Structures are given as structure tokens and as C-alpha cells.
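Remarks on the structure that follows.
Protein chains: 2
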Amino acid sequence: MTCPWERRYAQRMQGMSGSIIRELLKLTEQPDIISFAGGLPAPEVFPVTRFEEATQRVLAEHGAQALQYSTTEGYRPLREFIVEKMSRYGIKARVENVLITSGAQQALDLIGKVLVDPGDVILTEQPTYMGALQAWRAYQADYVTVPIDDDGICLDDRFIEALRAGPKFMYILPNFQNPTGVTLSLERRRKLVQIADHYGIPIIEDDPYGDLRYEGDHLPPLIVLDAEFQEERGTSGNGRGFVRGNVIYLGTFSKTLAPGLRLGWMVAPEEVIKRCVMAKQGMDLHTSSFSQMVADEVAKDDYLDEHKLLIRQVYRERRDVMLAAMAEYFPLGVYWTRPSGGLFLWVTFPDWLDAAELLKTAVEYKVAFVPGAAFHPNAREGVGHNTARFNFSNAQPAQIEEGIRRLGQVLTRVLAEHQEEERDPELVMA
Amino acid sequence: MTCPWERRYAQRMQGMSGSIIRELLKLTEQPDIISFAGGLPAPEVFPVTRFEEATQRVLAEHGAQALQYSTTEGYRPLREFIVEKMSRYGIKARVENVLITSGAQQALDLIGKVLVDPGDVILTEQPTYMGALQAWRAYQADYVTVPIDDDGICLDDRFIEALRAGPKFMYILPNFQNPTGVTLSLERRRKLVQIADHYGIPIIEDDPYGDLRYEGDHLPPLIVLDAEFQEERGTSGNGRGFVRGNVIYLGTFSKTLAPGLRLGWMVAPEEVIKRCVMAKQGMDLHTSSFSQMVADEVAKDDYLDEHKLLIRQVYRERRDVMLAAMAEYFPLGVYWTRPSGGLFLWVTFPDWLDAAELLKTAVEYKVAFVPGAAFHPNAREGVGHNTARFNFSNAQPAQIEEGIRRLGQVLTRVLAEHQEEERDPELVMA
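Line by line, the protein sequences are chains A and B.
Per my numbering, residue 1 is the first one in the first sequence, and the count goes up by one each step.
Per my numbering, residue 1 is the first one in the second sequence, and the count goes up by one each step.
Okay, here's the thing in C-alpha cells:
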């Protein structure tokens, strides 16, 4: 007899499946494919030389500390750096409000562990970040969703209806949202924090891309608007604004320094941080001291700010190349968003076109993207089937142009065939 | 109104509290205290220069890869290195059986997520590793415990009785167990895998210290004995031994290279690894590519083996110094284990003595250790109250001698006072 492992798994595993993104990343491993599928930064912009200098300095000056166990909360100078960085966006955090996480993905897992009971409902944008859905499905969460338009999540009757489902929290990506690239307008931001306060529903504000704005003004984070709102109402607690607030803010170094470090952070009321620290102890004791100290050394003396200018320049160009190529090569009837920042844009094909089918043809032409259906939690069959996410940060401009050109050919042919079928009287009668 | 965070936490948070170890680590941060409380490696043995060379090489030759996202399973050359390393202990793993984790602590969390439903019972040694209890309390596990003696977990009626509670799995630290330092005998290892197979209860074999043996012969891991047992019975599956087996094996680089990297691994049947990979995706996407590539570069060309010789030499000396000092300074009536390896030994004080009270006095004398009660899951009030864990890897030999001398003074005084009280007729009558 061999052991019946299949009978041993916890119930929560029934809702868990492999990530489609991950399967798609395997496609990108074929060297000859032009992939718009991943969410990878451009490796050309990694500050490798700066990393070499920083690791040498950290090991030479603090080697024993960098290689030793450390505290769960994170390396204090890095937490102080984050406090300073956050303050520029008006976030009045203290070190006690900051927890270093093993990537922002771990912050999502922590939030699930600390807040979500089986059957709890989470309100998300539709579509939304797949990795959050995956993290919270492990805690047996259910989802209610609210559509987004060009100004972000729609705060109309559909939103109020979703709130009445009694969500444990709402999950919002306000800047250059993954997967659509749209940004929540200032007016809606204000309205959102007020409604959330009114209903007593906390907001998880996930902001991996906020630093990557290519045009227009930075908009205040929800955590700041919530603090201002609490301040006005005199409910902020010791005048420390958000510290008593309704918002948990998530940031990451993955898009500005390097994802390979696995470094993110959470800003939250101190008592929430304390609970998360307890949970994180059992999860990985702490995030790599080595990674934290190296990141701190790389980022300091305003280097991170300078480096962001370079990233913005490179990604802005790639976005513009993709937008221009789509305008040139995509046939009539295909629409796409025009994001002011971030890594992604969102394409909507004609309603009859299935993006997963299109991907199969595209891969034959050595181009890849992510079909949109997987970004729709709890979607009715077919919702989002004609949509797709395109990443513009990873491929180089000439590749972007070439990839979109090939896809334009495929689309033009597919649309022509469809028109042919529509005109074909036999098919119409069938 | 501020938001009622205290009403929002998941039920599982009720069983979670801060780690006593962690609070105790704070004691060790006082620079003038001699601490036997933590489980920290000696910083003197960290191969800092080798790390400097390795990070330079990794960044110069594979910088873009080291800083980029990578696969959840882990860096393939490091997984291959682990396969090779495991094969020396007779573990016939393939790369598909190895998952890299963010420290062995994450492997414990993963096991909880993949296997444990609320109310599931886990069989542990008594006492056992606190961090495992902490990881699995988050999944609302219950515990049944079986005492250990100098040959490890007792496989007598108490063990069979515990099995009849229907545990989901049993958690065993076979080598130089944390916290007691005892090693499971070969005879008991064989018996354990047979009983586990008979009852169909899987074994989690946690082996952070197996490489740190200071005398005697290495004993075969449970995963190997289980594979041999399955082989004999013809149930091993494709002749690949443990691949179809009943044991999940956990290893770590924390005790041999550096804990600050947060690198551990799991060896398990391929289908278990697949489930764990799915769960890990939602937890942190993957373990730091940078840490993994640096560890691989440091460890390779037999460096890890050479380095272990140094660690064994340093820790063996420290263990011997602690044992000799205890023999010299501790009064009659105090007993301790004599571990053949690892980082810890276990002290048993007279039954009337409360180790937590003793710690308070000890800290006044600038010495610290961990009282034993916290290592006893679900213990009846008072079980283990007269025990303590002592770490001998972190403090230097002269400090160890001095710390034990001071504690000997405290103990001698406390024991004398107790005898005084016992003789005092008023107290006896009271």
C-alpha cells in the first residue's frame, strides 16, 4: 500500500489551482516568442552595478548582521526609509506602522490569514489582480465584484449593492490597475473613502505601480484621503491621521528596484501591524536580512528617485510604441486602454471573439498575451472572454512593434473570416 | 468613529499569540547579557568573504536573472545541488521532489496550509519546536503529544494511544532535537516508519541540525528508512523509493550557511510538491532568486562540506565548554542532556523549581535561557515548568563558562534557600 496523499489535503486546497499566469510565464521561456504575457520589469533597467557596490559594502561593513536572523518587523533603517518615502505622498506613517514583507504577495497572504474566515466575502474590482484572488482563495474567501471604467471602480448602484453583501474588506488597485491600466479618479477616491467609512468596510490599497507614472499628476493615495477625512471628522486618533484609519496600504520594491529580492511592505494601523507580525512569525520568521540590507544600501542617497526617472523614461517609450503599433496594425472593432503609467494595458476584442482561442493562434505566430477571463473572480461563464492583458515593460521597442504587427495580421484575418461567415447565407441559416 | 479592527480578525487569530522565543530574543539584544536563549548560529563562522566573492560573480555573470522574477519551485541548479547533497544520505530524490522554501519555517507553514483543516490533530514530540506549533496553530490544529527520552520519542503505549487520536501527521525532529538535543535511535527510527505505515499516518521529518554531528555515526533519515521499507514490501512505486513514500523531509541552509538568506527546502512525493507549489504561489510567488543564486554559488565546489567541518569544530568546543561548566558549577539535583550535535541542550531542575521564576533572577545576573514550558503543546498547567533550553552555538567559550558560572551561583543559592525553608518548622507547618 502506498499512502493516500490525495485523501489528506485540507479542504481549502479544493479551491486552489495553479496560476494561469504561471503557466503563461512558461510560454515566455521559449526564447523566440515575443511575450506581452508576464508582468516582468525590463531586465535592462536593473541597476546591477549599484547592486554590486551595495552588496560589497553591506557584507564588508555588516556581514554578520546581514547573514544572521533578525526581527520579524524588518530591518529598521529600511522601515525608516519607507516612512520617509511614504511621507512624500502625504502618508504620515511611523516606523511602527510599517512591516516589511517577502514581496507584496506575502502582504496579501498575511491579510488573508489575519482577516479572512472561510466564507467571508471580499469586494474587488472586475477585472482584478489574479495573485490576490489566489492568495485569498486559500482562506476560502468568496468574492463580490464591481466593474471598472476609464476612471476606475464604478461607484454607482452596483457598488452599493456589493457593499450590502457585507464584505470583510474591499481590494482596490488605484494606480494603473493590473490588469486594465486604468487609474481611479480623484473624485472617486474621495467618494470611495467616505462610503467605506460609512459602511465600516476597510480598504486594502494595493499600489505596486504608483511610482511609475508617465504623465499627469500623482493622485493622493486612499490612505491619505482617508486620514484627511478622519481628521475632518475628528476621529483620527492623536492627530496621527491614518494611524487609526480604515486603509491598509501595500507597496513593493519589485517594480522600482528588483523583483528577485522579494521585498514589499505594508502600512497600517499599529494594532493591525502587530497581528500581522504574529502571523508572519509562523510563516517565515522574517524576510531575508541580506535582501533588506542590500535594498536599503541600493536605494539610499536618493538613488531610488534617480533610478525611477530612468525606469519611467524606458517604460513610457515602450507604452507609446505599443499604443502606436496598435493604432497602426489592429483592425477596426478592437479597443484598448491608454494607461498613464504602470506595466499593462487592456484590450477588448469584438464580443464574438474568444481571447483564449486567439492566443492559440498568436502563439503559432510567436506572440503571447494573457486572456482576460482569469482576472474575473466568480465570473459568469464567458464574462471577459473577449478581453486580454498586454504587458509593455518587458519586451524591447522593436519587439513590441513586431509583436503587435504580427497580432494585427492574425486579428485582421480572424475578423475577415468572421465577416465572411456572417455573410455566408448557409451559415446564417444554420 | 474609528474602524473596529478588533472585530475584523479571523477566528484563527484567537489561537495566535506572539512567540515567547521572539520576546526572549529581545533580551539577547541587551549587549551585556550572556544569552543561551536564542537559536542563533555563531556569527564568527559566517563565510563573509566567500559571500562577497559569490555575490560579485552572480551579479556580474547573471545579474539580470538574479534580480528578476523566477519560478515558484526554485532555482534549478540549487535544487540539483540539494538532490546531490540528499543522495549522500541515501535520499533518492529527483529535482521534481525538491521545493525551495523561504526558510524551513515556510515549509512548516506550507504543510499547514496544504494538509491541516481546523480541528485536525497533529502528533508531536513533547517537548517540541515552538515555531512549528506557532505555524500550525494558525490552521487551528490540535495536538497530541508523546514524551521523549534519551533515545527520542517513546514508542510505547503512549505513542499507540496518541495514534488512535487519528492525527493528520506526526512531526518528528530526529537529530539533536530542538529543544532537548536528543537523537532518535536507529531501532526506534525503523519501528517508527513501520508503525506510521501501518496506521497510514505520514511523517514530517524536520532536520535542521542533521549536518551538525560532533561525534558518533550519522543515522539514516526516516525518509530513507521509509523508502527501504516500501521497497521491501514492493510498494515503492517505480523503484524510485521514497518518491511514493510516507515522509516529507525538511532541510535548511540556516544552520550551515546563513539564516539571513531565509533558504530551506522540502523533499516530498511529487504530487505533494505540486500542491505545495500551488499554495506557495499565493504566499510569496517564489523565494528570492538573488538569495538562491548566491547560496548556490557559495555552496558549490564542495565549499559547504569544508565549511561544515569548521562549524562542527567550533560548536563541538562550545558544547564541551557548556557541559564541563555545568558539571563544575551546577549544584546536585540539576540534570541535563549530552547532545551529540545541534545547537541545544535541555536542563531539568528540581521539581519544585519554576524555570520562568529562575529566569527573572538569572536576567539580573545578566544570563538568559528559555524556560521549557512553552515547548509543550497543550500541556496541562505546570508540565515542563522545571525545564529549560540552553543554546551553546551563539556565545563564545569564555562567555559560556562565565554565564554557566553565574547561573550556578544563582541555582546554588536558590537550592540552599529551598532546603532552609524545608527545614524551617514554621514553614513546614504552614
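Just so it is clear, CB atoms sit at the ideal spot from N, CA and C, and this is done for glycine as well.
As the structure is a prediction and not an experimental result, all values here were calculated from the model.
Can you tell me which of the three DSSP states L115 (chain A) falls into?
helix
Alpha carbon of A227 (chain A) to alpha carbon of D305 (chain A), nearest angstrom
25 Å
Can you round the beta-carbon distance between P377 (chain A) and T49 (chain A) to whole angstroms, since I take them to be within the 8 Å contact cut?
Not confirmed; about 42 Å, so no contact.
What is the C-beta distance between I34 (chain B) and V367 (chain B), in whole angstroms, given that I count them as a contact (C-beta under 8 Å)?
5 Å
Roughly how many whole angstroms lie between the Cα atoms of M130 (chain B) and W136 (chain B)?
Approximately 10 Å, taken between the alpha carbons.
Neighbourhood of T256 (chain B) by C-beta, 6 Å cutoff - its chain only, sequence neighbours within 5 removed
D211 and K308
Between the alpha carbons of R244 (chain A) and T71 (chain B), how many angstroms are there, rounded?
Just so you know, the alpha carbons of R244 (chain A) and T71 (chain B) end up roughly 38 Å apart.
Given this structure, state the Cα-to-Cα distance separating Y69 (chain B) from F290 (chain B), to the nearest angstrom.
10 Å
According to DSSP, is I195 (chain B) part of a helix, a strand, or is it coil?
helix
Of all the residues that make up the region 169-185 of chain B, which are near chain A by a beta-carbon distance shorter than 7 Å?
none
So does the region 290-301 of chain B actually touch the region 276-291 of chain A, counting three or more Cβ pairs closer than 8 Å?
Segments in contact, yes.
What does F51 (chain B) touch in chain A if you count any residue whose Cβ is under 8 Å from its own?
L59, G63 and L67
Among all the DSSP beta bridges, which residues are the ones paired with F344 (chain B)?
Bridge pairing for F344 (chain B): B:N391 [DSSP].
G282 (chain B) beta carbon less than 8 Å from that of D109 (chain A)
yes
Quick test of your reading: A196 (chain B) and N246 (chain B), contact by CB under 8 Å. State the CB separation rounded to the nearest angstrom.
6 Å
Taking 8 Å as the threshold (beta carbon to beta carbon), is K113 (chain A) in contact with chain B?
yes
Whose C-beta lies closer than 7 Å to the C-beta of R318 (chain B) among residues of the same chain, with five residues either side of it excluded?
In the same chain as R318 (chain B), and ignoring 5 residues on each side of it, the C-beta atoms closer than 7 Å to its own belong to F392, S393, P397 and I400, in chain order.
Have a look at Y209 (chain B) and R275 (chain B) and give me their C-alpha separation to the nearest angstrom.
26 Å
Hey, does V121 (chain B) have any beta-carbon neighbour from chain A nearer than 8 Å?
no
So the alpha helix (DSSP H) G251 (chain A) belongs to, where does it begin and stop?
Note, G251 (chain A): premise wrong, no alpha helix (DSSP H); beta strand (DSSP E) at V247 to T252.
As a quick exercise: from A:C154, A:A64, A:N178 and A:L99, pick the residue whose alpha carbon is nearest that of L133 (chain A).
A:N178
Distance cutoff 8 Å, beta carbons only. Does T256 (chain A) sit that close to anything in chain B?
Among the residues facing chain B, T256 (chain A) is not included, as its CB has no counterpart in that chain under 8 Å away.
Under 8 Å by Cβ, that's how I've got T369 (chain A) and F349 (chain A) pegged, so tell me the actual separation to the nearest angstrom.
Note on identity: in this sequence residue 369 (chain A) is Phe, with Thr being the wrong assignment. Actually they are not in contact, since the Cβ atoms of F369 (chain A) and F349 (chain A) sit about 11 Å apart, beyond 8 Å.
Look at the alpha carbon of V116 (chain A) and the alpha carbon of E417 (chain A), and state the distance between them as a whole number of angstroms.
Near 48 Å, if we compare the C-alpha coordinates of E417 (chain A) and V116 (chain A).
Along the chain, where does the alpha helix (DSSP H) containing I404 (chain B) start, and where does it finish?
P397 to R423
Nearest to A138 (chain A) (by Cα), restricted to the options A:D120, A:P147 and A:L155
When the alpha-carbon of A138 (chain A) is set against those of A:D120, A:P147 and A:L155, the nearest one is in A:D120.
Establish whether the CB of T55 (chain B) and some CB of chain A are separated by less than 8 Å.
yes
Indicate whether E96 (chain B) and I248 (chain B) have their beta-carbon atoms separated by less than 8 Å.
no
Own chain, CB closer than 8 Å to F51 (chain A), minus 5 neighbours either side, in chain order
A258, V294 and V298
Which chain A residues are close to E271 (chain B), counting only those with a beta carbon under 8 Å from its beta carbon?
W5 and E6
Taking all protein chains shown into account, decide if I160 (chain B) is buried (16 or more other Cβ within 10 angstroms of its Cβ) or exposed.
Counting Cβ neighbours within 10 Å, I160 (chain B) comes out exposed, since fewer than 16 surround it.
Presumed contact (8 Å Cβ cut-off) between H385 (chain A) and A362 (chain A), rounded CB distance
In fact, because the Cβ distance is near 15 Å, the residues do not count as touching under 8 Å.
Would you kindly work out how many angstroms separate the C-alpha atoms of D142 (chain A) and K300 (chain B), rounded to a whole number?
46 Å
How about G239 (chain A): is its C-beta nearer than 8 Å to some C-beta of chain B?
Because G239 (chain A) sits at a pLDDT of 47, beneath the cut-off of 50, its placement in the model cannot be relied upon, and the following sentence gives the value as read from the coordinates. Output row for G239 (chain A): interface = no.
Consider the Cβ of E298 (chain A): report whether some Cβ of chain B lies at a distance smaller than 8 Å.
Reading off the sequence, residue 298 (chain A) comes out as Val, not Glu. Output row for V298 (chain A): interface = no.
Less than 8 Å between CB atoms is the rule here; does A135 (chain A) satisfy it with respect to chain B?
Yes, A135 (chain A) counts as interfacial toward chain B.
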